[in-house]
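**Student:** Starting off with a structure, shown below.
2 protein chains.
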Amino acid sequence: VHSFRAAIESRDVDAAVALLHEDVVFRSPVVYTPYRGRFAVEPILKAVIQVFEDFEYTRELTSPPDHALVFRARVGDMHLEGCDFLHEDPDGRITEFTVMIRPLKGIQALAEAMRQRLS
Amino acid sequence: VHSFRAAIESRDVDAAVALLHEDVVFRSPVVYTPYRGRFAVEPILKAVIQVFEDFEYTRELTSPPDHALVFRARVGDMHLEGCDFLHEDPDGRITEFTVMIRPLKGIQALAEAMRQRLS
């Protein structure tokens, strides 16, 4: 189990954020333009952990320096699945963090819930 | 390079379809309900290979029996990235094939282009 997964599973967002390189590039499932920097990602992670219900990692692909953590979750009535892609530098810090989600209605439900929470 | 990737890169959809178990479960990036069976997936693959422009695999995670093939593509003006998740049985046949795409506008553009092509 990747340490990022372990941190999220124990709902320790601070521990998860600490694994990110300070200049991490975060690509969200919703918008094209990446977010840059650990401090840009922190509020997003803190919001998403509140928005996702019944969150559970289901599969983990380990292919260093890349890791893919497949999950399922629910936003209101919408069931969705997704994947956290982590790319690490030689020191094990996460320099790229990309999230993809399916299906379309699941992303739309997440985008709306995040908009309400972050506005 | 996974043989599915090699088949798609050479635009040989028949070779890609031949790697699927006849009872493959296909989860699309757009709709929640899975498609079942090789013959349900074939027309979708043939359409999507026409719809995606500048398609290119960029990363491959190998963690048997799971593989994740990360790609980028364009649908009209919309740049997107996505991932083909392949889960194999002990004989190497693909029993689960899941596709995720980001960002939201990229999935919407794909869904609209596929709707036009398949209708």
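Heads up: the protein sequence lines correspond to chains A and B, in order.
Each residue of the first sequence is one higher than the one before, starting from 1 at the first, in the numbering used here.
Each residue of the second sequence is one higher than the one before, starting from 120 at the first, in the numbering used here.
A virtual CB, placed ideally from N, CA and C, is assigned to each residue, including glycine.
Could you tell me whether the region 164-179 of chain B touches the region 12-22 of chain A, where touching means 3 or more Cβ pairs closer than 8 Å?
**Tutor:** no
**Student:** Once DSSP output is grouped into helix, strand and coil, what is the label at A/G82?
**Tutor:** strand
**Student:** Terminal residues of the continuous beta strand (DSSP E) containing B/L139?
**Tutor:** L139 to R146
**Student:** Assuming contact is defined by CB atoms lying nearer than 9 Å, are B/M233 and B/V132 in contact in what I supplied?
**Tutor:** no
**Student:** By the three-class DSSP mapping on this structure, what secondary structure does A/S63 have?
**Tutor:** strand
**Student:** Return no unless some Cβ of chain E is closer than 9 Å to the Cβ of A/K105.
**Tutor:** No chain E is part of this structure, whose protein chains are labelled A and B.
**Student:** Can you list the residues of chain B that A/G82 reaches, using a CB-CB cut of under 8 Å?
**Tutor:** M219
**Student:** For a test of the three-state rule: what should DSSP assign to A/D54, helix, strand or coil?
**Tutor:** In the structure shown, A/D54 sits in a strand (DSSP, three-state: E or B).
**Student:** Would you give the residue range spanned by the beta strand (DSSP E) that A/R102 belongs to?
**Tutor:** I94 to R102
**Student:** Residues of chain B with a CB under 7 Å from the CB of A/P34: which are they?
**Tutor:** Chain B residues near A/P34: none, gap ~10 Å exceeds 7 Å.
**Student:** Grouping DSSP H, G and I as helix and E and B as strand, with all else coil, what is B/R130?
**Tutor:** coil
**Student:** With 9 Å as the threshold, decide whether the Cβ of A/P90 is near any Cβ in chain B.
**Tutor:** no
**Student:** For B/R200, count neighbouring C-beta atoms within 10 Å of its own C-beta (all shown protein chains included) and say buried if the count is 16 or more, exposed if not.
**Tutor:** Note on identity: in this sequence residue 200 of chain B is Glu, with Arg being the wrong assignment. The residue in question, B/E200, is buried, as its Cβ has 16 or more Cβ neighbours within 10 Å.
**Student:** Does B/T214 have its Cβ less than 9 Å from a Cβ in chain A?
**Tutor:** no
**Student:** Can you look up A/V75 in the DSSP assignment and give me helix, strand or coil?
**Tutor:** strand
**Student:** Any residues in the region 173-191 of chain B with a beta carbon nearer than 9 Å to a beta carbon of chain A? Which ones, in chain order?
**Tutor:** R178, E179, L180, T181, S182, D185, H186, A187 and V189
**Student:** Using three-state DSSP, classify A/V31 as helix, strand or coil.
**Tutor:** coil
**Student:** Whose CA, out of B/A125, B/G156 and B/R124, lies closest to the CA of B/T214?
**Tutor:** B/G156
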